[in-house]
Amino acid sequence: MVLPPEVKPALSGLQKASATFTGRDTHVEELLQGLAPGGGEQQRAVLVAAVAGLAGVGKTELIVQTASRAMKKPGWFPGGVLFVDLFGYDTERRLSPERALDGLLAALGMPGEHIPADLQGRTRLYRSVLATFAKEGRRILVIIDNASSAEQARPLLPTDGTTAALLTSRHTLDVDARLHDLAVLDEPSSIELLQGSAPSPRPRRHPRDGRSRSSRSHRPAVRGPATGAVHRRRPAR
């Protein structure tokens, strides 16, 4: 496999991690362990990690947080990160593997005229390009968000034993990945999340002397554990 001579891959599509992320440090550390380069044959077996959980539980934010930390580690992913949202549970926006691979290959710098029309051809080319990047010392992290089935996700997974991938789904998918079940946040973490995401109290003028003071009535009312949807800019999944 020879990459095009003037490849300018678009490998910086990772969205910004939320500043209010909380209660998932153990999951992040477990996922990071599976992404670390090297480690022999045992480590190679967990280069693909799948995060499963209910809609809105925080799967996307978990992998974004993990990826953001992994990208800061020297030598882990010098090639960058590929991110694709498959919209697996949205009947109007759901991506087929063919369409997803077309976008990923374009992001990797592959000219359109070199991209095959069929799924098998695109899968082979995509995996060959990833393997070539890895062989050249430009290891890439692939993030596949919101997959609804193994058939939708499997063609997008790397198979070269060096490129790593993170996958999210509401279901446990049979894709030979290391599974991470994500439950709702516990009550202390839910309260911390709500307090961290609530707007700061606005000072108000004292009617008599003009002094500013914060009203306690602005504090959020917490009546139970939240679902852990820590990334509120995206639709619940």
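Last residue of the sequence shown: number 308 in the working numbering, and the count goes up by one each step with no gaps.
Just so you know, even glycine gets a beta-carbon here, dropped at the ideal spot from N, CA and C.
Note that the coordinates shown come from a computational prediction; the quantities given were computed from them, not determined experimentally.
Task: From 180, 151, 194, 156, residue whose alpha carbon lies closest to that of residue 172 - done: As a position in the sequence shown, residue 172 is number 101, starting the count at 1. Here the closest residue by C-alpha is 194.
Task: Rounded separation between residue 309 and residue 243 - CA only - done: The structure shown does not extend to residue 309, since the chain is modelled only from 72 through 308, so no value can be given for it.
Open item on the list: Can you determine whether any heavy atom of the ligand COA sits closer than 7 Å to the C-beta of residue 235, and answer yes or no?
Closed with: Among the ligands in the structure shown, none appear at all, so the ligand COA cannot be discussed.
Open item on the list: Let me check one thing: in DSSP terms, what residues is residue 238 bridge-paired to?
Closed with: Counting from 1 along the sequence shown, the entry for residue 238 is found at position 167. Answer by DSSP bridge pairing, in chain order: 121, 215.
Task: contact_flag[the stretch 211-226, the stretch 234-252] where n(CB pairs < 8 Å) is 3 or more - done: yes
TODO: Using only alpha-carbon positions, find the residue among 127, 156, 118, 89 that is nearest to residue 224.
DONE: As a working note, residue 224 is residue 153 in the sequence shown. Residue 224 has its Cα closest to that of 156, out of 127, 156, 118, 89.
TODO: Count the other CB atoms, across all protein chains shown, that sit within 10 Å of the CB of residue 248; report buried if there are 16 or more and exposed otherwise.
DONE: Along the sequence shown, read from residue 1 onward, the residue named residue 248 stands at position 177. So residue 248 ends up on the buried side.
Open item on the list: Give me the DSSP bridge partner(s) of residue 252.
Closed with: Along the sequence shown, read from residue 1 onward, the residue named residue 252 stands at position 181. Bridge partners of residue 252: 123.
Open item on the list: So, does the stretch 133-153 touch the stretch 95-111, judging by three or more C-beta pairs under 8 Å?
Closed with: yes
- [ ] Give every residue of the same chain whose Cβ lies closer than 7 Å to the Cβ of residue 230, excluding the five residues on either side of it in the sequence, and list them in chain order.
- [x] Against the sequence shown, residue 230 aligns to sequence position 159. Excluding sequence neighbours, residue 230 sits near 198.
Open item on the list: For residue 125 and residue 153, I'd like the C-alpha separation in whole angstroms.
Closed with: Looking up residue 125 in the sequence shown gives position 54. Looking up residue 153 in the sequence shown gives position 82. Their Cα atoms are separated by approximately 24 Å.
TODO: Quick one: residues in its chain with C-beta nearer than 6 Å to the C-beta of residue 84, no 5 flanking neighbours on either side, listed in chain order?
DONE: For this step, residue 84 is matched to residue 13 along the sequence shown. Cβ neighbours of residue 84 beyond the five flanking positions: 154.
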